[in-house]
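Protein chains in written order, with this note's numbering: chain A, 58 to 416; chain B, 58 to 416. Just so you know, even glycine gets a beta-carbon here, dropped at the ideal spot from N, CA and C.
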DNA sequence: CTGAAAGCGCTTACAG
DNA sequence: CTGAAAGCGCTTACAG
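As structure tokens, then:
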């Protein structure tokens, strides 16, 4: 069944069938109805390849997930916990707009060519990139060909510097404010010895969270120690190693700010095994608010990153840019939120209770 | 840049360029090299729509995720925990074979038309369906048009009955054996009072797990009680309600077999709030082995469903069928595994320890 | 308002 | 071994 068949059956030309399908206004209601009837009767749907070849959009966007984890790491925990809701949200929002989503995993620099390939083969109209280690040069290249891009978690300054032309939206959360809220909450609980379990420094959020930690402590005249600055790379295992090292080293801080929940969960496990109580002996804070954060005991105090809204924004922006002719680089920061649960408490003897802050 | 440009630059015809791209054997090495050089120099990639229109495959499969949860249920917990690894795995395996994946969410019966549409528009070569409430008639219809399908978690008997013709692979896990192993493990621990928190009965795995529970108890001459047969629908909230009802009713069983981990986690939470200790007062077992299962305290004893292998199988089968001409319906059952952790223990006074079974 | 025709960028018998 | 040509199924100026 092709448009020619529909035309014959409806007693019109292929041109008219096409005009009906594409909602041209200069088709009389009578004709439109006649054609639609035949279309519905035969469940006709135009061949997408033919439409695209004739100049239509693909109505498909590419979602590229750059994964921090190794390809053969079966757990791939970071991705599962953190990205899944994002992927869901992108698909939901795209589908709601009649747009298809082609999802790709990127595990290596070489895989990055997939992005270019998908565009060169004209499989997609636009792209969304999420994950670690974004190869900005490839993206800049594709963007300069005129394809819109939403980029999640990337330095706006670097985008402005590296993307000379193109339609690009950068979607971040306000991790600086989130970090600040968390640290001021801890300081408010009386903590003066606050360690950090940092994330990947080649990641925008990794750097922001770390930099803001340093900044806020400095503002409050609080010093940290080398042994309390742990490098966890956003990965559970690395985090566990670093925490163990700190424990063996001797004196613990009274609070540990972890740059993501995965690492916080890992830290909690190590502490528990070492009979270090949470939050009595040490307060542990996370970042992201992934699903398990509310399930573990003690439930994790963390900073919520609005992944769903970010996904929606990414889709919205990319579709908006698709309809525009001029280049444009836009920056969007969505609000983070402090989520107080049970893994942090007042420093003993500080005379402050957790409750004063949840109210 | 199109194949014509490459042809001109390489001093050959479009036909020859096409033969090089499609690996025809009757191209002399010399010619092939010459053409490839130009292709690489200009980063040429053939327009996919043109190829498809000319008769090539799309090299894209559709992944359709039927979601039990409501569209506007922000948590959509079931899907996140259970399906995410599956989606990941499908994408990994497809990409590894140079195949793209178009991911679609299905929330309503009406959404089911998306499947038909994707095929009619010739966007995909084959489909994989996962999730609850599979509208088998739509699938049968599409399958009868010759498009291969892998269906996850569906009754083989019903497939054989309803799909008269087509290329279909049904991929299940051995939930019957898994259920049996779990129940015999519990019975071995001395439990004679075993309740069940059942799943969705319009789901194949939901029915199998329930039916096998009844069967195994009967085989062991163990009776259950009406008040211990809870209907959780695979959903945390329903599960919590049912468990609460059972608690209020009075006597508890010594063990509760939950038909998925989400419900088990939910049950554990309710018990904890009611000061009922796990596993001392009641043993709780799950099914699936989702990520949080190993993280909660006590860690959940459960049955592992080999989601990753199932995803790989689904991709493999669908690609295999793509290369075949004849119709074929195949049934595949992948092994489940009993995972003993901390949420189940011997009935007090039974004189049996957990250790006797983990060895 | 509507049809005939050109064109989108490939692939593949066909003929040589 | 290789090129000219037909054809895939649409869309859209163009002409009327």
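In the DSSP assignment, find the unbroken beta strand (DSSP E) run with residue 183(A) in it and report its ends.
-> 183-188
Backbone secondary structure at residue 90(B) - three-state DSSP = helix
Measure the C-alpha to C-alpha separation of residue 405(A) and residue 337(A) and round it to an integer number of angstroms.
-> 8 Å
Would a check of beta-carbon distances place residue 103(B) closer than 8 Å to chain A?
-> yes
Can you check whether the CB of residue 281(A) is closer than 8 Å to the CB of residue 236(A)?
-> no
Note down, in chain order, each residue of its chain lying with its Cβ closer than 8 Å to the Cβ of residue 398(B), except the 5 sequence neighbours on either side.
-> 350, 351, 355, 356, 357, 358 and 359
Is any beta-carbon of chain B found at less than 8 Å from that of residue 161(A)?
-> yes
Please confirm if residue 100(A) has its CB atom under 8 Å from at least one CB of chain B.
-> yes
Would the beta-carbon of residue 193(A) fall within 8 Å of that of residue 219(A)?
-> yes
List, in order along the chain, the chain B residues whose C-beta lies closer than 8 Å to that of residue 282(A)?
-> Chain B residues near residue 282(A): none, gap ~30 Å exceeds 8 Å.
Whole angstroms is fine: what's the gap from residue 177(B)'s alpha carbon to residue 90(A)'s?
-> 22 Å
Any idea what DSSP makes of residue 229(A), helix, strand or coil?
-> strand
At what residues does the beta strand (DSSP E) containing residue 386(B) begin and finish?
-> 385-391
Can you find a C-beta in chain B that's less than 8 Å from the C-beta of residue 240(A)?
-> no
Thinking C-beta only, is residue 115(B) closer than 8 Å to residue 230(B)?
-> no
Counting pairs of beta carbons, one from the stretch 262-279 of chain A and one from the stretch 319-332 of chain A, are three or more of them closer than 8 Å?
-> no
Which one or two residues does DSSP pair with residue 157(A) in a beta bridge?
-> 117(A)
Anything in chain A within Cβ reach of residue 107(B), meaning under 8 Å, just list it in chain order.
-> 106 and 110
Which residues mark the beginning and the end of the beta strand (DSSP E) in which residue 206(A) is found?
-> 206-209
Pick from 228(A), 314(A), 362(A) and 361(A): whose alpha carbon is nearest that of residue 386(A)?
-> 228(A)
Indicate whether at least one CB of chain A lies closer than 8 Å to the CB of residue 71(B).
-> no
Ranges of the beta strand (DSSP E) found wholly within the stretch 314-347 of chain B, counting only runs of at least 3 | 340-342
With burial defined as no fewer than 16 other Cβ atoms inside 10 Å of the residue's Cβ, what is the status of residue 99(A): buried or exposed?
-> exposed
Are any of the Cβ atoms in chain B nearer than 8 Å to that of residue 178(A)?
-> yes
Under the three-state reduction of DSSP, which class applies to residue 218(B): helix, strand or coil?
-> helix
Near-chain A residues of the stretch 346-365 of chain B - C-beta to any C-beta below 8 Å | 348, 349, 352, 353, 354 and 365
Label residue 434(A) either buried or exposed according to how many other C-beta atoms from any shown protein chain fall within 10 Å of its C-beta, with 16 as the threshold for buried.
-> The structure shown has nothing for residue 434(A), since chain A only spans 58 to 416.
Nearest-angstrom Cα distance between residue 353(A) and residue 353(B)?
-> 5 Å
Could you name each continuous beta strand (DSSP E) segment of 3 residues or more that falls completely within the stretch 248-277 of chain A, going from the start of the chain to the end?
-> 251-255
Just curious, the alpha helix (DSSP H) that residue 74(A) is in, first and last residue?
-> 71-78
Proximity of residue 158(A) and residue 208(A) at Cβ, strictly below 8 Å | no
Quick one: residues in its chain with C-beta nearer than 6 Å to the C-beta of residue 277(B), no 5 flanking neighbours on either side, listed in chain order?
-> 244
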